[in-house]
Amino acid sequence: MPDVGSDQKLVERCRRGDGRAYEELVVRHYRSVYALCLGIMANTEDAGDLSQESFLAGFQKIRALRETDRFGHWILQIARNLCIDTIRKRRALAKHQADYRPTRQDESPHPSIDILWAVETLPEDLRIPLLMFYFDGKDADGIAEALHISKSNLYQRMRSARARLYELLVEKS
């Protein structure tokens, strides 16, 4: 987990025009932002695009950040809002495509494809914490804070996600 104190110093340097400071913030927080976007969008291309858009928006709005020690939380909120806006726009353009998740394949020779399929079929409230934990390596405190939920709620979601993954993978085999 990035050092919040040094994030604060980097934000202050950004506000003084130091572009390298923002590059460091991107390096520190990219995995978290990408994991969140992937969890919401369930698509690697969208996750990459929206991660970049999130950091661009963060750079443009860096002076609006009131609590400079909370950059990580702030950039995750920007990413979450961009993902939600993207989904809303897509639904408005194509109401008949309300479900973006892949369909189940009959047989897959690659177990990793089955796991990816199973993760992508999880509901968003189970998928996001799972990806943040396993993909991003965030700890329970960081995930709970980023998602605005209690740690006990997070643990319940993780148990439910693992149980559902198990069911899906056993059912598929």
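Numbering (our numbering), first residue to last: 1122 to 1294. We put the beta carbon where it would ideally sit given N, CA and C, even for glycine.
Checklist line | Span of the alpha helix (DSSP H), counted from its first residue to its last, around H1150 | finding: G1140 to M1162
Check: Which residues in the same chain have their Cβ closer than 8 Å to the Cβ of N1201, if we skip the five residues on either side of it in sequence?
Finding: Note on residue identity: the sequence assigns Arg, not Asn, to residue 1201. Here the set comprises L1157 and I1161.
Item checked: 8 Å CB neighbourhood of R1136 in its chain, flanking five on each side removed -> I1183 and R1184
Check: Which class does R1283 belong to by DSSP, given the choice of helix, strand or coil?
Finding: helix
Notebook entry, point to check: Do D1190 and D1128 have their C-beta atoms closer together than 8 Å?
Noted result: yes
Next item on the list: Have a look at P1244, S1273, V1154 and R1134 and flag the residue whose alpha-carbon is nearest the alpha-carbon of G1258.
Entry: V1154
Check: Considering only C-alpha positions, which residue in the set L1247, L1290, Y1255 and V1291 is nearest to R1274?
Finding: Sequence check: residue 1274 is Asn here, not Arg. The option with the nearest alpha carbon to N1274 is L1247.
Note to self: Are the CB atoms of F1180 and Y1143 within a distance shorter than 8 Å?
What the structure shows: yes
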